[in-house]
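There are 2 protein chains.
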Amino acid sequence: MAARSSIRDVAERAAVSVGTVSNFLNDTKPIAPATAERIRAAIDELGFIPNAAVRVMQGARSPALAFLVPDLSNPFLAEVSRGIEDVALERGHIVITCNTDGDLDREQRFAQVLAEMRVAGAITMAMTAEGEPLQLVKDSGARVVLVGAHSDEYISVNIDNPLAGYLAMQHLLERGHRRCVFFGGPGAAPQIAERLDGIQEAIRVAGASVEITRFDAAGNDMASRLRAAETLLDDLDGATAAICANDLLALALETAALRRGLRIPQDLAIIGYDDIDDSISAVVPLTSVHHSGRELGAHAAALALGLDEDLRPVSPPRLVVREST
Amino acid sequence: MAARSSIRDVAERAAVSVGTVSNFLNDTKPIAPATAERIRAAIDELGFIPNAAVRVMQGARSPALAFLVPDLSNPFLAEVSRGIEDVALERGHIVITCNTDGDLDREQRFAQVLAEMRVAGAITMAMTAEGEPLQLVKDSGARVVLVGAHSDEYISVNIDNPLAGYLAMQHLLERGHRRCVFFGGPGAAPQIAERLDGIQEAIRVAGASVEITRFDAAGNDMASRLRAAETLLDDLDGATAAICANDLLALALETAALRRGLRIPQDLAIIGYDDIDDSISAVVPLTSVHHSGRELGAHAAALALGLDEDLRPVSPPRLVVREST
DNA sequence: ATGAAAGCGCTAACAG
DNA sequence: CTGTTAGCGCTTTCAT
Numbered sequence: 000m001a002a003r004s005s006i007r008d009v010a011e012r013a014a015v016s017v018g019t020v021s022n023f024l025n026d027t028k029p030i031a032p033a034t035a036e037r038i039r040a041a042i043d044e045l046g047f048i049p050n051a052a053v054r055v056m057q058g059a060r061s062p063a064l065a066f067l068v069p070d071l072s073n074p075f076l077a078e079v080s081r082g083i084e085d086v087a088l089e090r091g092h093i094v095i096t097c098n099t100d101g102d103l104d105r106e107q108r109f110a111q112v113l114a115e116m117r118v119a120g121a122i123t124m125a126m127t128a129e130g131e132p133l134q135l136v137k138d139s140g141a142r143v144v145l146v147g148a149h150s151d152e153y154i155s156v157n158i159d160n161p162l163a164g165y166l167a168m169q170h171l172l173e174r175g176h177r178r179c180v181f182f183g184g185p186g187a188a189p190q191i192a193e194r195l196d197g198i199q200e201a202i203r204v205a206g207a208s209v210e211i212t213r214f215d216a217a218g219n220d221m222a223s224r225l226r227a228a229e230t231l232l233d234d235l236d237g238a239t240a241a242i243c244a245n246d247l248l249a250l251a252l253e254t255a256a257l258r259r260g261l262r263i264p265q266d267l268a269i270i271g272y273d274d275i276d277d278s279i280s281a282v283v284p285l286t287s288v289h290h291s292g293r294e295l296g297a298h299a300a301a302l303a304l305g306l307d308e309d310l311r312p313v314s315p316p317r318l319v320v321r322e323s324t
Numbered sequence: 000m001a002a003r004s005s006i007r008d009v010a011e012r013a014a015v016s017v018g019t020v021s022n023f024l025n026d027t028k029p030i031a032p033a034t035a036e037r038i039r040a041a042i043d044e045l046g047f048i049p050n051a052a053v054r055v056m057q058g059a060r061s062p063a064l065a066f067l068v069p070d071l072s073n074p075f076l077a078e079v080s081r082g083i084e085d086v087a088l089e090r091g092h093i094v095i096t097c098n099t100d101g102d103l104d105r106e107q108r109f110a111q112v113l114a115e116m117r118v119a120g121a122i123t124m125a126m127t128a129e130g131e132p133l134q135l136v137k138d139s140g141a142r143v144v145l146v147g148a149h150s151d152e153y154i155s156v157n158i159d160n161p162l163a164g165y166l167a168m169q170h171l172l173e174r175g176h177r178r179c180v181f182f183g184g185p186g187a188a189p190q191i192a193e194r195l196d197g198i199q200e201a202i203r204v205a206g207a208s209v210e211i212t213r214f215d216a217a218g219n220d221m222a223s224r225l226r227a228a229e230t231l232l233d234d235l236d237g238a239t240a241a242i243c244a245n246d247l248l249a250l251a252l253e254t255a256a257l258r259r260g261l262r263i264p265q266d267l268a269i270i271g272y273d274d275i276d277d278s279i280s281a282v283v284p285l286t287s288v289h290h291s292g293r294e295l296g297a298h299a300a301a302l303a304l305g306l307d308e309d310l311r312p313v314s315p316p317r318l319v320v321r322e323s324t
């Protein structure tokens, strides 16, 4: 089993030259039916599996796409990853997922391996995007795509964050809320800033006067989110609505509120972001700003594979109103 | 950028032979400090990045480990994947995640690419494990590891499923439950069967007489789970406790129950399986049978990388009692 | 339609 | 300690 057979073995067994086998394998030149049949048989009998590394060695890119994320345990990112995988597999590529944990050193080590592997492309949501690690991968010849961040150096796909913020705030305004909290988490600072802009814009347009206080969870785990939610609830200070940076935070907040006996949305309205699958399973189904992670991922993958053409823009975020507002 | 430089360019620029550069790169033979310095400089100036594909072509395995899962959006599987990644990265390997969706054809296509890439190993939870696709990867020379399934043909890591079932049932028995439902989902049939055995065993040992009815969700998404939970609740037929095949199902059931105004655990006790992070954020925190996905993954990865030695058994499942029972 | 042969970038065995 | 060189498995001209 360990002793793999090579194209030469196949050639011998089929009594043809290696060149012919190669042409058969890659469908590069027409092959006489009889010859093809013999080759096919030889491959079969030998259990021959072509070695993709050779092509890569000769200058081609590896059939791999890298996805660098802070943490795939975020369901939204998992969705993005599925989107990437969908178009990758379609083109015979596979996806290498790298959880950086936001750790520069970890990212560096990943980058090194990816560069040496000559991955075809790298997609990242890492906020350290501008740093050295990615540059290494790019220097290796990979197409680097940034998701959710702008950059002059790299291709990028973006969500309309200001619009997302705008939609959320507009909705809250319509419901009469005038004192809100923004519940954030670690990371994603640029995106959050953009959304905050959209929120302010909505307030301006409505000619309203709204106060937004901000709370942040410290960690990327449920315990941290729950803890932060408790503090938020303790210091509510008259706020009647909460805009959350993602559904995970919103879910934590809802749970904390429900446990205290608050009624949602009467006592506190909650609006999330991402519209992950879980948001419908909250006891009070979550209102959320939807945007398709799958689509975003697919788009990024297309870019990373150089399929720039016929690429329609990612659909804009939209509000999904459920019962938490 | 696209014109990568080769080891020969480095050798020339450093005025040494390629062999010496190779020895420097791989630390295979001692190099004079002065020479090393020149090589280092040359590499730097040229932006040389070694091509890992060459090693693979020469018979070595690719620095990649494949993880084939039905669907990584399951948080527990995401954890397993993190465990795999932890030990992989430590050894300079990266992880290729393949969401099979339980689709044989998809799995086949993944397998083909993985085999041609000569991945070092493949870890799978796919239930189609015994089928052709995996065999292909194995034939390519990869070490194949099965997680959560027994097999003569492949190495495997297992959770003590009977014990897990036993623990859950024993706990319910102590709480006085005599009529229970088992809430399952698609896939994982063998594991569920084993747990059912453990459940029966607990009943036998306690000398009790318990009736277990079974319900299954149809899909792997929250909507399906919720729908199944509703049916389950409609046909409760006197059952006072539910054992769920995983926490996602348990969470869905809890939500459905809470929405109907049922009290948990007074009206219905719920016990989950996996102890995912979300289980603490349920309105009524979930009692669950805990087992570390991360540890399981790490174990599997060690096996897949041939680090068989010093491998202690995976820690047994344990009951984490919270408020849902 | 098929064959022969020159590499691709690098490692490893051998010489010096 | 350093240089030379023969491949590794395959693609790709260039012939035939």
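Those sequence lines, one after another, are chains C and G.
Here numbering that gives the first Met the number 0 is used: the first residue of the first sequence is 0, the next is one more, and so on.
Here numbering that gives the first Met the number 0 is used: the first residue of the second sequence is 0, the next is one more, and so on.
Just so it is clear, CB atoms sit at the ideal spot from N, CA and C, and this is done for glycine as well.
- Per DSSP, reduced to three states, the secondary structure at residue 66 (chain C) is strand.
- Beta-bridge analysis with DSSP links residue 210 (chain C) to C:178.
- For residue 289 (chain G), the enclosing beta strand (DSSP E) stretches over residues 286-289.
- For residue 158 (chain G), the closest alpha carbon among the candidates G:109, G:197 and G:151 is that of G:197.
- Around residue 13 (chain G), the same chain offers 37, 38 and 41 as residues with beta carbons nearer than 6 Å, after the five sequence neighbours per side are excluded.
- In the DSSP assignment, residue 241 (chain C) falls outside any alpha helix (DSSP H) and lies within the beta strand (DSSP E) extending over 240-243.
- Check the Cα spacing between residue 46 (chain C) and each of G:222, G:115, G:282 and G:259: the tightest is with G:115.
- The three-state secondary structure of residue 145 (chain G), taken from DSSP, is strand.
- For residue 223 (chain G), the enclosing alpha helix (DSSP H) stretches over residues 221-233.
- Looking from the CA of residue 186 (chain G), the closest CA among G:87, G:20, G:100 and G:121 belongs to G:100.
- When the five nearest sequence neighbours on each side are left out, the beta carbons in the same chain lying within less than 8 Å of the beta carbon of residue 225 (chain C) are those of 251, 254 and 255, in order along the chain.
- A contact is defined here as three or more CB-CB pairs under 8 Å, and the segment 261-277 of chain C fails this definition with respect to the segment 300-308 of chain C.
- Residue 120 (chain G) and residue 229 (chain G) have their C-alpha atoms some 42 Å from each other.
- Excluding its 5 nearest sequence neighbours in each direction, residue 194 (chain G) has C-beta neighbours in its own chain below 6 Å: 160, 163 and 164, listed in chain order.
- As a beta-bridge residue in DSSP terms, residue 93 (chain C) pairs with C:63.
- Contact between residue 295 (chain G) and residue 82 (chain G) holds, with the beta-carbon distance rounding to 6 Å and staying under 8 Å.
- Under the Cβ criterion of 8 Å, residue 62 (chain G) is counted among the residues facing chain C.
- Closest in alpha carbon position to residue 304 (chain G), among G:235, G:61 and G:320, is G:61.
- When DSSP states are grouped into helix, strand and coil, residue 271 (chain G) belongs to the strand group.
- Here residue 98 (chain C) really is in contact with residue 71 (chain C); their C-beta atoms are around 6 Å apart, less than 8 Å.
- Excluding five sequence positions before and after residue 105 (chain G), the CB atoms of its chain that fall closer than 7 Å to its own CB belong to 99, given in chain order.
- Listed along chain G, the residues sitting closer than 8 Å to residue 221 (chain C) by beta-carbon distance are 276, 277, 279 and 280.
- Proximity of residue 99 (chain G) to chain C, defined by a Cβ-Cβ separation below 8 Å, is not satisfied.
- Around the beta carbon of residue 131 (chain C), fewer than 16 other beta carbons sit within 10 angstroms, so the residue counts as exposed.
- Remark: C-beta atoms of residue 279 (chain C) and residue 221 (chain G) approach each other more closely than 8 Å.
- By the CB criterion at 8 Å, residue 191 (chain G) and residue 168 (chain G) fall outside the cutoff.
- In this structure, residue 65 (chain G) places its C-beta atom within 8 Å of the C-beta atom of residue 122 (chain G).
- Sorting C:231, C:137 and C:103 by C-alpha distance to the C-alpha of residue 183 (chain C) places C:231 at the top.
- Counting the other CB atoms within 10 Å of its CB gives residue 92 (chain C) a total of 16 or more, which places it among the buried residues.
- With contacts defined by Cβ atoms closer than 8 Å, residue 238 (chain G) and residue 282 (chain G) do not form a contacting pair.
- Within its own chain, the residues whose Cβ lies closer than 6 Å to the Cβ of residue 245 (chain C), once the five positions on either side in sequence are excluded, are 272 and 273, listed in chain order.
- Note that the C-beta distance between residue 20 (chain C) and residue 10 (chain C) is below 8 Å.
- The three-state secondary structure of residue 102 (chain C), taken from DSSP, is coil.
- Interface flag for residue 102 (chain C) against chain G is unset, since no Cβ pair is found closer than 8 Å.
- The CB of residue 95 (chain G) comes closer than 9 Å to the CB of 63, 93, 94, 95 and 96 in chain C, given here in chain order.
- Taking 8 Å as the Cβ-Cβ cut-off, the segment 111-123 of chain C approaches chain G at 112, 113, 114, 115, 116 and 117, given in chain order.
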